[in-house]
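In what follows, a single structure is set out as C-alpha cells and then discussed.
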Amino acid sequence: MNIAEKIIKAHLVDGRMTPGLEIGLRIDQTLVHDATGQMAMLQFEALGFPRVAAKRSLIYTDHNILQVGFENADDHAFLASAARKFGLYYSKTGNGICHQVNLERFSVPGQTLLGADSHSTTGGAVGELAIGAGGLDVAVAMGGRPFYLPMPEIMKIELTGQLPPWTRAKDVALEILRRLTVSGGRGRLLEFAGEGLRQLTVTERATVANMSIETGAITAVFPSDEQTLAFLRRQGREADYRPLQADADAQYRETVSIDLAALEPLAAAPHSPDNVRPVRELAGAKVDQVAIGSCTNSSLEDLMTAAAILKGRKIPAQVSLIIAPGSRQVFQELANRGALADLIAAGARIMEVACGFCNGVGQAPQSEGLSLRTSNRNFPGRSGTKNARLYLVSPETAAASALAGVITDPRELGQAISIVPPEQFVLDDSLIVPPAPEAEAAGVEIVRGPNIAPLPFFEALPDQLEGEVMLALGDNVTTDDILPAGAHILALRANIPAISRYIFSNIDPDYHRRQKAAGAGLVVGGRNYGQGSSREHAALAPRYLGLKGVIAESFARIHKANLVNFGLLPLDFVRPADRASIRAGDRLKLDNLKSLKGGQTLTVKNLSQGSEFEVKLDVSERQAAILKAGGLLAQARQG
Ligand code: MIC
Ligand code: SF4
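Sequential numbering from 2 applies to the sequence shown in the numbering used here.
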C-alpha cells in the first residue's frame with residue numbers, strides 16, 4: 002500500500018476504498034478558526050453534542066483579528082466560551098496561524114485531521130492525512146461521527162535531484178500548479194516520494210502540502226522520515242514520531258516526476274495560482290508592496306531567510322514591506338536570534354502574528370498596485386483591493402524584489418543563504434487555553450454578543466422547483482467570487498443575514514436584492530465551480546437568500562459538499578455544450594425531486610426558451626437524503 006491507503010485503511014469506518022466512491026473516515030483531530038468556527042460551534046450546539054469526542058479539537062483565532070468594531074471581539078468571546086464548554090482547546094489571538102501552530106504543536110504522523118479551512122492540507126508535511134472541509138462537516142467530526150468524502154485516486158509526485166541555490170519549496174509548489182493547473186488535482190490525493198524529498202525540511206514540505214489544495218486535490222501527504230523526526234524533536238514532541246513510508250510495491254494511479262535540479266524561481270501572476278511564469282521573465286516590473294507571511298511561507302526558515310537577505314540594507318522609499326510571522330514561536334525565535342532587529346532596520350512593517358494581508362484583513366494594496374506575496378491565492382479582490390495585481394512568490398524572491406523595488410530573480414543576489422534551525426524551538430503553549438473539566442462544563446455560559454446571530458433553518462426540498470437563472474458564469478468561479486474576502490465582510494461570519502448582502506458582490510453588487518426578490522434561483526457555472534476556500538458561507542448565505550442549486554460542468558470538492566450540507570442541488574451538465582444555451586434570466590424547472598437518488602439524471606426544462614437539457618446529480622445516497630431533507634441540520638432535526 003501507499004501512505005495514503007495505509008492511513009485511510011486504519012481510519013475507514015464506512016465504504017470501500019474504490020476511487021470515486023464515498024468513504025467514511027474516523028477523525029482524530031479537528032481545527033476551526035475565527036472565520037469558520039462561529040458557524041461550526043453554532044452547528045455543533047444545534048446538533049445536540051454535549052462535548053467533543055475527537056482526540057483533540059482546537060479553535061484558532063487568526064483570521065478575524067482587526068478589532069475596528071465590536072464584531073471580532075464578540076466572535077472571540079463566543080468562541081472562547083464555546084471552547085471551554087464543549088471541550089476544545091482555544092488558541093488566543095497572537096498565538097499564530099492555525100496551520101503553522103497546528104503543524105508545530107499538534108500534527109501527528111499517521112493521524113487524521115479535519116480542519117474547517119482549505120489549507121488544513123498543511124499537516125500532510127508530517128505524514129498526517131489532513132483534509133479541509135466546511136464547518137458543518139467539522140462539527141459532525143468533532144462530535145465523533147465519520148467524515149465522508151470520495152475515495153481519492155492517489156497520484157505519486159516523484160521528486161528527484163536537488164533544488165538549485167535560491168530555488169525553494171514555493172517554487173516546487175508553483176511547478177506542480179503549472180503542470181496540474183487549478184483543477185488538475187480534482188479527485189486526487191498527491192503523495193510525495195523519491196530521493197529528492199530527503200533534503201526538504203518539514204517546513205518546506207508544509208509549503209508544498211499547503212498549496213496542494215490550489216490544484217483542487219483532496220490533500221497531499223509526505224512520508225514520515227528523519228526530517229519528520231528532526232522537526233518533532235525540535236518541537237519537544239519526539240514521542241509523537243512514527244515512521245511512515247509507502248511499501249516498495251505500492252501502486253499509484255498516475256506518477257508525475259519533477260527533477261528539482263531543473264527548477265528555477267517561479268511566480269504565479271495575476272489572477273490565478275496556476276498562471277505560473279519564471280521570475281526572470283517578469284523581472285523589472287515596479288513593485289508597490291511586498292508581503293512575507295501567510296500559512297504558506299511564515300516559518301522560521303522563511304523569515305530568517307528574508308531577514309538574512311535584508312540584513313544591513315534598506316528597502317527603497319516606494320516599497321511597503323510587510324512581515325507577518327506565522328506563529329508566536331517563530332516570532333520569539335526571530336527576536337531571540339536578532340533577525341527581527343534586522344527586519345526592522347531594513348524598513349519592514351512588522352504585523353500581528355496572523356493571516357492578515359493574505360485575505361485582505363489589512364494591508365490592502367493601492368489601486369492597481371503590484372503586490373508580491375508569499376501567500377497561496379491571488380484571486381481578484383483577495384487582497385481587499387479589487388484591481389490590485391498579486392504575484393505569488395518565494396520569500397527569497399519577495400525579499401530580493403523588496404530591496405530592488407522591482408521584481409527580481411533572487412539568483413542575482415549571489416551566494417545562497419542557508420539557515421540552521423535551532424536545536425529546540427521556544428516551547429511555550431501558554432496562549433492555548435484548555436477546556437473546562439467535564440464536570441464544570443454544564444456551568445459554563447456561552448457568551449453571545451449582538452454579532453452572534455441565530456442559525457437560519459431551511460425547509461425540505463419541494464417536489465417541483467422552478468427558479469430564475471440569477472447568474473451565468475464561466476470556469477473556475479472561486480469562493481472569493483461568491484463571498485469576497487476582506488476585513489469588513491469577514492467580521493460578519495457569525496451573522497448570516499448581514500453577510501448575505503455581500504454574496505457575489507464583486508460580480509453583481511445587486512445580486513442579494515435580485516435573489517431575494519426572485520425567490521427561488523439557480524446559478525450556472527463552468528468547470529471547477531467553487532474552487533478555493535472551505536467557507537461554507539458561500540453555500541449557506543446564498544441559500545438564505547433563496548438560491549436552490551448550481552448547475553455547472555464540475556465542482557470543487559469542498560464547495561460541493563457545502564452545497565449539499567445546506568440543501569442546495571449541485572447539478573452537473575450531462576452535455577457541457579448545453580451551458581452556452583442558458584442565459585441569465587431564463588426560468589428553469591425541475592420535477593420529481595422528492596424521489597431523488599444519488600447519481601440520477603434529471604431533465605431540466607428551460608421555460609423561457611422552450612427547450613430541455615439533462616443534468617446529473619453526482620452525489621451519494623447519503624447526500625441525496627440530506628438534499629431531500631433540506632440540508633444536514635434539517636435532516637438531524639427530523640431525526
Ligand atoms: C482562505 O485562505 O481563503 C481562508 C480565509 O483561510 C478560507 C477560510 C474561510 O474563508 O473561512 C479557507 O482557505 O478555507
Ligand atoms: Fe489564513 Fe491565508 Fe492561510 Fe487562509 S490562506 S489560513 S487566510 S494565511
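We treat Cβ as the ideally placed atom computed from N, Cα and C, and that holds for glycine.
Supposed close pair residue i, residue j - CB separation, criterion 8 angstroms
{"i": "I408", "j": "T306", "result": "About 18 angstroms separates the two Cβ atoms, so there is no contact after all."}
{"i": "G128", "j": "I316", "result": "The pair is not a contact, with the Cβ atoms about 39 angstroms apart (cut-off 8 angstroms)."}
{"i": "L191", "j": "A221", "result": "4 angstroms"}
{"i": "A117", "j": "S501", "result": "Actually they do not touch by this definition, with Cβ atoms about 19 angstroms apart."}
{"i": "A1", "j": "A41", "result": "With the chain covering only 2 through 640, there is no way to say anything about residue 1."}
{"i": "R544", "j": "D481", "result": "Going by Cβ atoms, the distance from R544 to D481 rounds to 19 angstroms, so no, they are not a contact pair."}
{"i": "I310", "j": "A401", "result": "6 angstroms"}
{"i": "K517", "j": "G547", "result": "6 angstroms"}
{"i": "L634", "j": "F426", "result": "41 angstroms between Cβ atoms; not a contact."}
{"i": "A131", "j": "L150", "result": "Actually they are not in contact, since the Cβ atoms of A131 and L150 sit about 13 angstroms apart, beyond 8 angstroms."}
{"i": "I552", "j": "F574", "result": "6 angstroms"}
{"i": "G217", "j": "N563", "result": "Contact doesn't hold; Cβ gap of about 15 angstroms is too wide."}
{"i": "N452", "j": "D35", "result": "About 12 angstroms separates the two Cβ atoms, so there is no contact after all."}
Paired residues, beta bridge with residue i - DSSP
{"i": "D260", "result": "T161"}
{"i": "G599", "result": "The partner list for G599 (beta bridge, DSSP) is empty, contrary to what the question assumes."}
{"i": "P463", "result": "Per DSSP, none; premise fails for P463."}
{"i": "I483", "result": "Partner(s): none; I483 has no beta bridge."}
{"i": "E615", "result": "T604"}
{"i": "I433", "result": "S92"}
{"i": "G468", "result": "L589"}
{"i": "T645", "result": "In the structure as shown, the chain begins at 2 and stops at 640. Residue 645 is therefore absent and cannot be evaluated."}
{"i": "L245", "result": "S225"}
{"i": "V354", "result": "In DSSP, V354 forms no bridge with anything."}
{"i": "V525", "result": "A473 and I552"}
Endpoints, the beta strand (DSSP E) within which residue i is located
{"i": "K590", "result": "R588 to L591"}
{"i": "D1", "result": "Any property of residue 1 remains undetermined from this structure, which presents the chain solely from 2 to 640."}
{"i": "Q290", "result": "Q290 to I293"}
{"i": "K1", "result": "With the chain represented from 2 up to 640, any question about residue 1 goes unanswered, as that position is not in the structure."}
{"i": "A269", "result": "L267 to A269"}
{"i": "T409", "result": "Where T409 is concerned, there is no enclosing beta strand (DSSP E), given that its DSSP letter is neither H nor E."}
{"i": "T220", "result": "T220 to V222"}
Residue interval of the alpha helix (DSSP H) (run including residue i)
{"i": "V203", "result": "V203 to M212"}
{"i": "S402", "result": "P396 to A405"}
{"i": "Y668", "result": "This structure does not reach residue 668, given that the chain is present from 2 up to 640, and the question cannot be answered."}
{"i": "L564", "result": "R558 to N566"}
{"i": "R235", "result": "E227 to R235"}
{"i": "R374", "result": "Element bounds for R374: not the alpha helix (DSSP H) but the beta strand (DSSP E), L371 to R374."}
{"i": "I508", "result": "First-last for I508: undefined, no H or E at that position."}
{"i": "I500", "result": "I497 to I500"}
{"i": "E622", "result": "E622 to A630"}
{"i": "Q636", "result": "L633 to R638"}
{"i": "H120", "result": "Taken as a continuous stretch (DSSP letters only), H120 belongs to no alpha helix (DSSP H), as it is neither H nor E."}
{"i": "E441", "result": "E439 to A442"}
{"i": "I583", "result": "I583 -> no alpha helix (DSSP H), and no H or E assigned at all."}
{"i": "L491", "result": "A488 to L491"}
For residue i, three-class secondary structure by DSSP
{"i": "G520", "result": "coil"}
{"i": "Q252", "result": "coil"}
{"i": "G361", "result": "coil"}
{"i": "D15", "result": "strand"}
{"i": "A540", "result": "helix"}
{"i": "Q532", "result": "strand"}
{"i": "A473", "result": "strand"}
{"i": "T386", "result": "coil"}
{"i": "I420", "result": "coil"}
{"i": "E239", "result": "helix"}
{"i": "P577", "result": "helix"}
{"i": "R378", "result": "coil"}
{"i": "R449", "result": "coil"}
*Minimum length 4: unbroken alpha helix (DSSP H) runs contained in the region 126 to 196*: Taken in chain order, the complete alpha helix (DSSP H) segments of 4 residues or longer contained in the region 126 to 196 are 136 to 143 and 170 to 181.
_Whole beta strand (DSSP E) elements within the region 24 to 106, 3-residue minimum_ = Restricting attention to beta strand (DSSP E) runs no shorter than 3 residues, the region 24 to 106 encloses them at 30 to 34, 57 to 61 and 90 to 92, ordered along the chain.
*Within the region 275 to 351, note down every full alpha helix (DSSP H) run reaching 4 residues or more, in order along the chain.*
For the alpha helix (DSSP H) assignment, the uninterrupted runs of no fewer than 4 residues enclosed by the region 275 to 351 are, from N- to C-terminal side, 280 to 283, 301 to 311, 329 to 337 and 340 to 347.
_Shell residues, 5 angstroms Cβ cut-off relative to heavy atoms of the ligand MG_ = With respect to the ligand MG, the structure shown offers nothing to examine, as its ligands consist of the ligand MIC and the ligand SF4.
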